[in-house]
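Enquirer:
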Amino acid sequence: MLVAEILKGKGDAVFTLAPDANLDEACAELERRQVGALIVCQGDSVAGVLSERDIVRAISRDGPEALKRPVSHYMTSEVVFADPAETVEALMARMTDRRIRHLPVLLDRRLAGVVSIGDVVKCQIAQATQEAESLRTYIAAG
């Protein structure tokens, strides 16, 4: 299965915020959207990713004052992207190796969606279930 198929199933909604938004606003947006990460955009380009993990580290390091600082202070600015033509297996390997839970997807240098580790696992489970069902059908027919 390809990344494009995951996006087709889940949609291409991407929740973003500006680098100058404060961490408190980011927390509210994560809660409102019920997601684990937001893509930080400067105009049309991706500046970083802000995850729940980044926020926990920020508060641990700087205390409650971190909530008043801009997300650009704490976001992951070395963004790893996915391509719609990549396989789910390749994506899973990269996410595991780099310990990344959310990957923005770029299509023609434009933000086309976000794939989370949950999306990848859900896809893998669906594939395994389908393969098992195919084998059961094959064995029953034989």
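2 is the number of the first residue of the sequence shown in the working numbering; add one for each residue after it.
Note that the Cβ used here is the ideal one computed from N, Cα and C, for glycine as well.
Counting along the chain, where does the beta strand (DSSP E) carrying V106 start and finish?
Expert: In the sequence shown, residue 106 corresponds to position 105, counting from 1. Residues H103 to L108.
Enquirer: Do L68 and D21 come within 8 Å of each other at the CB atom, strictly closer than that value?
Expert: Residue numbering aside, residue 21 sits at position 20 when the sequence shown is read from its first letter. Residue numbering aside, residue 68 sits at position 67 when the sequence shown is read from its first letter. No, Cβ-Cβ distance for D21 and L68 is not below 8 Å.
Enquirer: Whose CA, out of V121, E132, V41 and S46, lies closest to the CA of A91?
Expert: Translated into the one-based positions of the sequence shown, residue 91 becomes position 90. With respect to the C-alpha of A91, the residue from V121, E132, V41 and S46 having the closest C-alpha is V121.
Enquirer: Along the chain, where does the beta strand (DSSP E) that runs through S117 open and close?
Expert: Counted from its first residue, the sequence shown places residue 117 at position 116. Unbroken beta strand (DSSP E) run through S117: R111 to S117.
Enquirer: Under the three-state reduction of DSSP, which class applies to A19: helix, strand or coil?
Expert: What you label residue 19 is simply residue 18 of the sequence shown in a count that begins at 1. Coil at A19, not helix or strand.
Enquirer: Hey, would you say V15 sits closer than 8 Å to G114, going by beta carbons?
Expert: For this step, residue 15 is matched to residue 14 along the sequence shown. For this step, residue 114 is matched to residue 113 along the sequence shown. Closer than 8 Å, so yes.
Enquirer: Mind reading off the beta-carbon distance from V50 to V41? Whole number of angstroms is fine, and I expect it under 8 Å.
Expert: Here residue 50 refers to the residue found at position 49 when the sequence shown is read from its first residue. Here residue 41 refers to the residue found at position 40 when the sequence shown is read from its first residue. Between V41 and V50 the Cβ distance is about 7 Å, and since that is below 8 Å, they are a contact.
Enquirer: To the nearest angstrom, how far is it from the Cα of S117 to the Cα of L8?
Expert: Here residue 117 is taken as the residue at index 116 of the sequence shown, counted from 1. Here residue 8 is taken as the residue at index 7 of the sequence shown, counted from 1. Distance between the alpha carbons of S117 and L8: 11 Å.
Enquirer: Could you check whether the Cβ of S52 sits closer than 8 Å to any Cβ belonging to chain D?
Expert: In the structure shown, chain D cannot be found, because there is only a single protein chain.
Enquirer: Who are the near neighbours of A5 in its chain, counting only those whose CB is closer than 6 Å to its CB and skipping five residues on each side?
Expert: Here residue 5 refers to the residue found at position 4 of the sequence shown. Same-chain partners within the cutoff: P85.
Enquirer: For Q54, tell me which candidate among H103, L3 and Q131 has the shortest Cα-Cα distance.
Expert: By one-based count along the sequence shown, residue 54 stands at place 53. As written in the sequence, residue 54 is Arg, which differs from the Gln given in the question. The option with the nearest alpha carbon to R54 is H103.
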